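Student: Structure incoming, see below.
Number of protein chains: 2
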Amino acid sequence: MDLIDAVKFDGGGLVTAIAQNYATDQVLMVAYMNRETLTETLESGDMVYWSRSRQTRWKKGETSGHVQKVREVYIDCDGDALLFKVDQTSAACHENYFSCFFKQNVGGEWKIVAEKIE
Amino acid sequence: MDLIDAVKFDGGGLVTAIAQNYATDQVLMVAYMNRETLTETLESGDMVYWSRSRQTRWKKGETSGHVQKVREVYIDCDGDALLFKVDQTSAACHENYFSCFFKQNVGGEWKIVAEKIE
Chain A
1 MDLIDAVKFD GGGLVTAIAQ NYATDQVLMV AYMNRETLTE TLESGDMVYW
51 SRSRQTRWKK GETSGHVQKV REVYIDCDGD ALLFKVDQTS AACHENYFSC
101 FFKQNVGGEW KIVAEKIE
Chain B
1 MDLIDAVKFD GGGLVTAIAQ NYATDQVLMV AYMNRETLTE TLESGDMVYW
51 SRSRQTRWKK GETSGHVQKV REVYIDCDGD ALLFKVDQTS AACHENYFSC
101 FFKQNVGGEW KIVAEKIE
């Protein structure tokens, strides 16, 4: 696929993938894809990552149902990062927050600044 | 600094840093910081990265004047990515686009979908 020819995968064969909520532009999470999971993501319209810790394909929401449907895809100037605008079902974070970035620096400490999704 | 104790730097001593425009929530760029440049960023309020390709400290805008002033800082659930909401002067991208993510997948091709900043 032509799109993938422009992607500069790193030495480990991975590219950084940012997921951003389509409706609100909130950043949801950052993870990685390899050539195969990027191809699957582009063809299926569902976000599919590569887990560095488990060294496995990881389709977001495959077990939880918290899938991410791709709405728009962007590549950065040097081709080593992708930005996906997605429709997030339920919560992106495995800790049941909508975004994985739910802790903010408040006065020099990380404070939880979001509510859990029930 | 307590904040930094929660950061999980990777095997190369780096953490992923996403810069997002404070006023509009547009994602500007993604790069990396090491312990020293993260400390400098938090203490100075200006975004300072670590360049993987040049293996040097890289203060955003130091030569171009296109500095990024930190407004808010978030950490993700597993501590290996940081999200900075910033005030971006002029353009984040060295190609003079406001965001480095100026190419979008349109019908299976990467198309430039932003205007250059003059």
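Chains as they are written, first to last, in the working numbering: chain A, 1 to 118; chain B, 1 to 118. Don't be surprised by glycine CBs; every beta carbon is placed ideally from N, CA and C. Values in this document were obtained by computation on a predicted structure and should not be read as measured data.
1) If you run the structure through DSSP and keep just helix, strand and coil, what is Arg57 of chain A?
2) List the DSSP bridge partners of Glu109 of chain B.
3) Going by beta-carbon coordinates alone, are Ser90 of chain B and Leu28 of chain B separated by less than 8 Å?
4) Output yes if chain B places a C-beta closer than 8 Å to the C-beta of Asn105 of chain A; else output no.
5) Please list, in chain order, the chain A residues whose beta carbon lies closer than 8 Å to that of Leu3 of chain B.
6) At least one CB of chain B closer than 8 Å to the CB of Met47 of chain A: is that the case?
7) When we look at the beta-carbon of Val106 of chain A and count the other beta-carbons within 10 Å, is it buried (16 or more) or exposed?
8) Comparing C-alpha positions only, which one of B:Met47, B:Ile112, B:Gly11 sits nearest to Ile75 of chain A?
9) Residues in its own chain within less than 6 Å of Ile18 of chain B by CB, not counting five upstream and five downstream?
10) What are the start and end residues of the beta strand (DSSP E) that includes Ile75 of chain A?
11) Gln68 of chain A and Asp46 of chain A look like a contact to me (Cβ under 8 Å); what is the Cβ gap, rounded to whole Å?
12) Using a Cβ-Cβ distance cut-off of 8 Å, determine whether Glu118 of chain B contacts chain A.
13) Please tell me whether Val86 of chain B and Tyr22 of chain B are closer than 8 Å, where the distance is taken between their beta carbons.
14) Counting only beta-carbon atoms, is Val27 of chain A nearer than 8 Å to chain B?
15) Using a Cβ-Cβ distance under 8 Å, would Val15 of chain B count as near chain A?
16) Give me the DSSP bridge partner(s) of Ile18 of chain A.
17) Could you give the DSSP three-state label for Ser99 of chain A: helix, strand or coil?
18) Does chain A have any CB closer than 8 Å to the CB of Val145 of chain B?
19) Going along chain B in order, which residues have a C-beta closer than 7 Å to the C-beta of Ala81 of chain A?
20) Suppose you measure from the CA of Glu36 of chain B to the CA of Thr16 of chain A; what does that come to, to the nearest Å?
21) Run through the DSSP bridge pairs and tell me what Val48 of chain A is partnered with.
22) Check the C-beta distance from Val48 of chain B over to Arg57 of chain B and give it rounded, since I have them as a contact under 8 Å.
23) My understanding is that Leu38 of chain B touches Val7 of chain B, with C-beta atoms under 8 Å, so please give their C-beta distance in whole angstroms.
24) Can you tell me the Cβ-Cβ gap for Leu3 of chain A and Trp110 of chain B, rounded? I've got them flagged as a contact below 8 Å.
Tutor: Let me lay it out:
1) Strand, per DSSP.
2) Answer is B:Val106.
3) Not closer than 8 Å, so no.
4) Yes, Asn105 of chain A counts as interfacial toward chain B.
5) Contact of Leu3 of chain B with chain A by beta-carbon distance below 8 Å involves Asn105, Gly108, Glu109, Trp110.
6) Met47 of chain A does not count as touching chain B.
7) Its Cβ having fewer than 16 others within 10 Å, Val106 of chain A is exposed.
8) Of B:Met47, B:Ile112, B:Gly11, the smallest CA-CA separation from Ile75 of chain A is found for B:Ile112.
9) Within the same chain, Ile18 of chain B has close Cβ partners Val30, Leu83.
10) Under the DSSP assignment, Ile75 of chain A falls in the beta strand (DSSP E) whose first and last residues are 68-75.
11) Between Asp46 of chain A and Gln68 of chain A the Cβ distance is about 7 Å, and since that is below 8 Å, they are a contact.
12) With 8 Å as the cut-off, Glu118 of chain B does not count as an interface residue toward chain A.
13) Yes, the Cβ-Cβ distance between Val86 of chain B and Tyr22 of chain B is below 8 Å.
14) Val27 of chain A counts as touching chain B.
15) At a cut-off of 8 Å between beta carbons, Val15 of chain B makes no contact with chain A.
16) DSSP, once it has assigned bridges, lists A:Val30, A:Leu83 as partnering Ile18 of chain A.
17) Three-state result, Ser99 of chain A: coil.
18) In the structure as shown, chain B begins at 1 and stops at 118. Residue 145 of chain B is therefore absent and cannot be evaluated.
19) Val30, listed in chain order.
20) About 22 Å.
21) According to DSSP, Val48 of chain A bridges with A:Lys59.
22) Between Val48 of chain B and Arg57 of chain B, the beta carbon gap of about 6 Å places them in contact (Cβ cut-off 8 Å).
23) Correct: roughly 7 Å between the Cβ atoms.
24) So it is a contact: roughly 7 Å between Cβ atoms.
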